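In our numbering, the protein residues as written are 374 to 421.
Just so it is clear, CB atoms sit at the ideal spot from N, CA and C, and this is done for glycine as well.
A quick note: this is a predicted structure, and the numbers were derived from the prediction, not measured.
One structure below.
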Amino acid sequence: MIAFFDDAGFILGSYALTVGLVGLLSWRYVRRGSQLGQQIPDDEKPWR
């Protein structure tokens, strides 16, 4: 149990870093997709 508390900061920090980076990358992909979608004419958008 003591070993867990010694490593808890590293473990929680690693999880926080991973979740943060995945969130940042996802936000970037959605933002870039939105920018690219605005460049396509409406008649070429099959999702509309």
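Using the three-state DSSP reduction, which class does residue i fall into: helix, strand or coil?
i, result
"Q412", "coil"
"W400", "helix"
"R439", "Any property of residue 439 remains undetermined from this structure, which presents the chain solely from 374 to 421."
Could you tell me the alpha carbon to alpha carbon distance between residue i and residue j, rounded to whole angstroms?
i, j, result
"I413", "A381", "48 Å"
"Y388", "L397", "14 Å"
"R401", "F378", "35 Å"
"E417", "G410", "10 Å"
"T391", "L385", "10 Å"
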